[in-house]
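**Q** Protein chains in written order, with this note's numbering: chain Z, 1 to 149; chain W, 1 to 149. Can you keep this structure in mind? I'll have questions shortly.
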DNA sequence: CTGAATCCTGAGTAATTTAGTATGGATTTG
DNA sequence: CAAATCCATACTAAATTACTCAGGATTCAG
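As structure tokens, this is what we get:
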């Protein structure tokens, strides 16, 4: 068994691109819509793939769109009010290290372990899940811009 | 695009099973080797798949094996000295949310974003990576047993 | 009022990864 | 020697990922 290409606790390209694209929109907040082609080329993301990502972000209420010539996308809220956790959850679903401790998880979903209370590992997964969510929810797009120097 | 089956920041079955199996061995520390079949059946894990996991754990120095009848596996160190982060890294490689901030990553690997310094997202990934590793490195098998009541 | 720039929608797909299975060999104890 | 165990390599079906493809709808400029 090779361990090449095995990467734990990873985001998919959707989440990674999505956060980068949202940061791009944050930098242009209040300057009118930014066309998708602009974001795609400047962030080096496939145009069509980014289109799919923006569909999810729009449906999730994180961005607004303007159609037609001079159209484009813009943040639906000020950068201070959009956190990275929101972006990732909209693009990838609930954040959890294993199914057991996922939102819908518990025991209803496709949990790989049928025990609940007497599972020694469960508490680790819960703590990890909460750590990750808390950190991502505390970090806003504004924070990301402020870190830049 | 459906969001079914999309789960961010997940462990693979290898990591999840591995931690459960190690916890099982921890409960039997200093009581002689535990046969793989015992762990597999009691943890509801495929025998052959768990065999592959134990190969990695042994090569990683986390467990020792005894061959033959009455053989089996046991922790190579006391539960206090084995952390969850070690287990996951042995089974799944370096823990990082995106390639850019992975061990080998930086810019050498297959990073999806070629910018390094001026990437607004980078700092978020670094903080998230450090948060996750720190939490998993602070949690030992002994801690997991102590949490049980 | 037409053409270009944009957003919008759904289907399709090649490559990779995952979570195993299959097969058989090596070692030790009773 | 037989059974229980570990050890090693190769294979594979299903799912997922990261897109591409094809075309439609809307708006603005000239």
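For each residue, glycine too, the CB sits at the ideal point set by N, CA and C. Keep in mind that this is a model prediction, so the values were computed, not measured.
(1) Just checking my contact of residue 128 of chain W with residue 136 of chain Z at CB under 8 Å: how many whole Å lie between their CB atoms?
(2) What's the call for residue 102 of chain Z, buried or exposed, on a 16-neighbour Cβ count within 10 Å?
(3) Could you tell me if residue 146 of chain W is buried or exposed, where buried requires 16 or more neighbouring beta carbons within 10 angstroms of its beta carbon?
(4) Which class does residue 64 of chain Z belong to by DSSP, given the choice of helix, strand or coil?
(5) Using the three-state DSSP reduction, which class does residue 143 of chain Z fall into: helix, strand or coil?
(6) Residue 120 of chain W to residue 51 of chain Z, Cα distance in whole Å?
(7) Return the residue from the list Z:118, Z:123, Z:143 that minimises the CA-CA distance to residue 42 of chain W.
(8) Since I believe residue 26 of chain W is in contact with residue 141 of chain W (beta carbons under 8 Å), could you give me their beta-carbon distance rounded to a whole number of angstroms?
(9) Thinking C-beta only, is residue 11 of chain W closer than 8 Å to residue 98 of chain Z?
(10) Counting along the chain, where does the beta strand (DSSP E) carrying residue 17 of chain Z start and finish?
(11) Quick check on residue 78 of chain W: buried or exposed, where buried means 16 or more other Cβ atoms within 10 Å of its Cβ?
(12) Considering only C-alpha positions, which residue in the set Z:139, Z:30, Z:123 is nearest to residue 23 of chain W?
(13) Tell me whether residue 85 of chain W sits in a helix, a strand or coil according to DSSP, three-state version.
(14) Going by C-alpha distance, which of W:44, W:139, W:68 is nearest residue 112 of chain Z?
(15) Could you name the residues of chain Z that residue 123 of chain W contacts, counting a contact when the two beta carbons are closer than 8 Å?
(16) For residue 36 of chain W versus residue 54 of chain W, is the C-beta distance shorter than 8 Å?
(17) Along the region 27-49 of chain Z, what residues have a CB closer than 9 Å to any CB found in chain W?
(18) Taking Cβ positions only, does residue 75 of chain W come closer than 8 Å to chain Z?
(19) Among the residues of its own chain, which have a CB less than 6 Å from the CB of residue 40 of chain Z, if the five just before and after it don't count?
**A** By the coordinates alone:
(1) 7 Å
(2) buried
(3) exposed
(4) strand
(5) helix
(6) 21 Å
(7) Z:118
(8) 4 Å
(9) yes
(10) Where residue 17 of chain Z is concerned, there is no enclosing beta strand (DSSP E), although the alpha helix (DSSP H) it sits in stretches over 13-27.
(11) exposed
(12) Z:123
(13) helix
(14) W:44
(15) 144, 147
(16) yes
(17) 27, 43, 44, 45
(18) no
(19) 47, 50
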